[in-house]
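Student: Next up is a structure, given as structure tokens.
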Amino acid sequence: MTQTSSSSGDEQPLVEKPKLGIWELAWPAILSNLLFSVIGIITIKIVGELGQTAVAAVTTGHRIFFVLSAVLMAVSAGTSALVARAWGAGDYDEAAKVTTVSVLVGSAVAVLLMIPFLTFSDEIAGVFQLDPISTAAASDYIFYLSLFSIGFAINFVLGAALRAAGDTRTPLWFGMVANIANVCLTYWLVYGGFGVPSLGAAGAGAANGLSLTLSGMLFLSLWLAGRLRVQVGRTGALEVSRLRQLVHIGYPAGLEQFVFHAGFIGFLWLVARHGTAAFAAYGVGVQVLSMSFVVGFGFSIAGATLVGQHLGARDPDGATRQGWHATFFAIGSMVTLGTIILLLAEPIARFLIDDDEVVHLTVIFIYIMAIAQPMLAIEFTLGGCLRGAGDTRFPLLTTLIGLILVRVGLAAVATYLELEVKWIYAALIADYMVKVVMLVWRFRSGRWKDIFDNSEPRPTT
Numbered sequence: 034m035t036q037t038s039s040s041s042g043d044e045q046p047l048v049e050k051p052k053l054g055i056w057e058l059a060w061p062a063i064l065s066n067l068l069f070s071v072i073g074i075i076t077i078k079i080v081g082e083l084g085q086t087a088v089a090a091v092t093t094g095h096r097i098f099f100v101l102s103a104v105l106m107a108v109s110a111g112t113s114a115l116v117a118r119a120w121g122a123g124d125y126d127e128a129a130k131v132t133t134v135s136v137l138v139g140s141a142v143a144v145l146l147m148i149p150f151l152t153f154s155d156e157i158a159g160v161f162q163l164d165p166i167s168t169a170a171a172s173d174y175i176f177y178l179s180l181f182s183i184g185f186a187i188n189f190v191l192g193a194a195l196r197a198a199g200d201t202r203t204p205l206w207f208g209m210v211a212n213i214a215n216v217c218l219t220y221w222l223v224y225g226g227f228g229v230p231s232l233g234a235a236g237a238g239a240a241n242g243l244s245l246t247l248s249g250m251l252f253l254s255l256w257l258a259g260r261l262r263v264q265v266g267r268t269g270a271l272e273v274s275r276l277r278q279l280v281h282i283g284y285p286a287g288l289e290q291f292v293f294h295a296g297f298i299g300f301l302w303l304v305a306r307h308g309t310a311a312f313a314a315y316g317v318g319v320q321v322l323s324m325s326f327v328v329g330f331g332f333s334i335a336g337a338t339l340v341g342q343h344l345g346a347r348d349p350d351g352a353t354r355q356g357w358h359a360t361f362f363a364i365g366s367m368v369t370l371g372t373i374i375l376l377l378a379e380p381i382a383r384f385l386i387d388d389d390e391v392v393h394l395t396v397i398f399i400y401i402m403a404i405a406q407p408m409l410a411i412e413f414t415l416g417g418c419l420r421g422a423g424d425t426r427f428p429l430l431t432t433l434i435g436l437i438l439v440r441v442g443l444a445a446v447a448t449y450l451e452l453e454v455k456w457i458y459a460a461l462i463a464d465y466m467v468k469v470v471m472l473v474w475r476f477r478s479g480r481w482k483d484i485f486d487n488s489e490p491r492p493t494t
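Heads up: the sequence shown is residues 34 to 494, going by my numbering.
Here you go:
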């Protein structure tokens with residue numbers, strides 16, 4: 034046991050500091066996300082055989098459906114911050130109660146949001162004004178994937194709770210099960226067989242939803258049986274004060290994700306004005322670069338967990354050190370992977386889709402994003418660290434300014450001036466530059482250390 038002190042210098046009770054290191058937490062998250070990324074690439078390869086319209090449909094379906102994650106991110110951000118704090122303080126009962134509330138709220142939200150996605154899938158898919166075939170396929174993709182919203186929510190929330198408690202390996206195993214199922218189901222449902230008709234691009238949506246539901250049911254059954262690190266909070270979990278605290282910390286993160294995806298939709302709408310090939314190239318490029326992005330996400334999870342746990346253990350200086358260490362790890366790893374992807378950009382793109390125009394634009398997009406790798410690493414990691422501390426409002430501000438004002442604003446100007454689509458892609462660099470300046474300033478200021486103390490009072494049961 035080690036005595037620690039708060040940033041104010043007042044003496045605090047003895048609390049054991051977190052023992053897990055950055056890499057120990059990061060590698061399972063990185064591998065889990067890497068597998069998910071590989072599955073995404075395989076999906077693009079499978080669907081790519083149907084042509085650029087099918088790839089555009091999957092890109093549209095993914096982006097629209099991820100609006101659901103905006104609200105689930107609100108729940109999981111609150112879950113991560115509260116569970117990490119409770120775990121760092123050794124209050125495992127509180128961690129269990131927070132997880133229980135989060136699962137219930139996340140499931141309810143998934144049901145409520147599933148209805149409009151099912152009812153208005155045609156109108157939602159039509160936002161991008163793609164060609165009729167791509168729009169119809171995107172609508173079907175959204176419809177089928179929306180049927181499995183609850184499974185998505187359970188994965189999201191329980192995975193966040195386990196990672197906040199320092200268990201990043203269990204989500205990895207469940208992710209492997211989901212990914213294997215996803216590949217098999219995607220090929221089967223896209224092309225048909227064994228009595229099932231070919232569903233085309235929509236089959237990829239159904240396969241994604243079914244695989245997430247399988248993983249979610251495994252998660253839920255083991256959690257209810259008490260087999261996971263974070264237990265079920267069986268009594269006193271549904272207190273108003275706990276729910277308020279979850280909402281107080283989580284809603285800015287949810288609003289951030291909503292703004293994020295709304296901004297992405299606006300950005301993609303501008304890309305789509307340059308044609309289906311430009312739109313498909315963006316989808317292929319993002320999927321290829323996700324091999325690098327997952328590393329940043331992994332260190333973001335590690336940073337958020339350690340920052341939250343060190344603050345729970347009343348060790349703000351340790352939280353600061355862990356945040357910077359995670360960021361430096363992310364920069365080195367993402368720059369290395371980004372460089373490799375850049376060097377192999379054309380053969381990778383051509384492997385995924387046999388369309389000269391799409392390949393050409395994909396290579397341009399990858400070159401542009403390779404420049405942004407260190408900035409992406411900082412955004413992922415420091416943004417995650419702030420959320421782990423409960424400071425969810427400042428990342429919202431960076432998204433509003435960087436994505437909405439800078440990226441979409443510059444892309445709109447480029448479109449108005451009738452510039453080539455590469456200038457639309459290049460707007461991403463300015464977005465990330467602004468976000469990096471803001472996030473580094475915020476983390477260096479140390480104001481995030483006391484954010485949690487200004488939230489709703491912690492339940493005492």
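No residue lacks a Cβ here, since even glycine has one placed at the ideal position from N, Cα and C.
Note that the structure is predicted; figures quoted are calculated from it, not measured.
With DSSP as the reference, label Gly-228 as helix, strand or coil.
Tutor: If DSSP states are grouped into helix, strand and coil, Gly-228 belongs with coil.
Student: Should Ile-502 be labelled buried (16 or more other beta-carbon atoms within 10 Å of its own) or exposed?
Tutor: Shown here, the chain extends from 34 to 494; a query on residue 502 therefore has no answer.
Student: Would you mind working out which of Ile-183, Pro-165, Ser-135 and Gly-356 sits nearest Ile-148, comparing C-alpha positions?
Tutor: The closest CA to that of Ile-148, considering only Ile-183, Pro-165, Ser-135 and Gly-356, is found on Ile-183.
Student: Confirm, please, whether the CB-CB distance from Ser-325 to Ile-374 is below 9 Å.
Tutor: yes
Student: Once DSSP output is grouped into helix, strand and coil, what is the label at Ile-298?
Tutor: helix
Student: Below 6 Å CB to CB, which residues in the same chain sit around Thr-86 once its five sequence neighbours on both sides are set aside?
Tutor: Ile-166 and Ser-167
Student: Between the C-alpha atoms of Leu-180 and Ser-478, what's the straight-line distance to the nearest angstrom?
Tutor: 44 Å
Student: Under 9 Å, do Ser-109 and Ala-286 count as touching if we go by C-beta distance?
Tutor: yes
Student: Buried or exposed for Leu-438, please, with buried defined as at least 16 other CB atoms from any protein chain shown within 10 angstroms of its CB.
Tutor: exposed
Student: Where does the unbroken alpha helix (DSSP H) through Glu-390 begin, and where does it stop?
Tutor: 389-404
Student: Tell whether a beta-carbon distance below 9 Å holds between Thr-112 and Gly-331.
Tutor: no
Student: Looking only at its own chain, which residues have a Cβ that is under 7 Å from the Cβ of Thr-201, when we skip the five neighbours before and after it?
Tutor: Closer than 7 Å at Cβ, skipping near neighbours: Leu-58, Pro-61, Ala-62 and Ile-334.
Student: Would DSSP call Asp-173 helix, strand or coil?
Tutor: helix
Student: Take Thr-268 as the anchor and find which of Asp-126, Ser-65, Ile-364 and Phe-300 has the nearest alpha-carbon.
Tutor: Of the candidates Asp-126, Ser-65, Ile-364 and Phe-300, the one whose C-alpha sits nearest the C-alpha of Thr-268 is Asp-126.
Student: Mind checking which residues open and close the alpha helix (DSSP H) that includes Trp-456?
Tutor: 454-478
Student: If Arg-426 sits next to Ala-337, beta carbons under 8 Å apart, how far is it from one beta carbon to the other, in whole angstroms?
Tutor: Not quite, the Cβ-Cβ distance comes to about 15 Å (not below 8 Å), so this is no contact.
Student: Given Ala-211, which residues of its chain have a CB within under 7 Å of its CB, disregarding the five upstream and five downstream residues?
Tutor: Cβ within range, chain order: Ser-244, Leu-245, Leu-247 and Ser-248.
Student: Are the beta-carbon atoms belonging to Ile-74 and Gln-320 less than 9 Å from one another?
Tutor: yes
Student: Using CA atoms only, rank isn't needed, just tell me which of Phe-293, Gly-341 and Gly-208 is closest to Ala-352.
Tutor: Gly-341
Student: Straight-line CA distance for Ser-172 to Ile-72?
Tutor: 22 Å
Student: Decide if the segment 256-274 is in contact with the segment 184-203; the criterion is three or more beta carbon pairs, one per stretch, under 8 Å apart.
Tutor: yes
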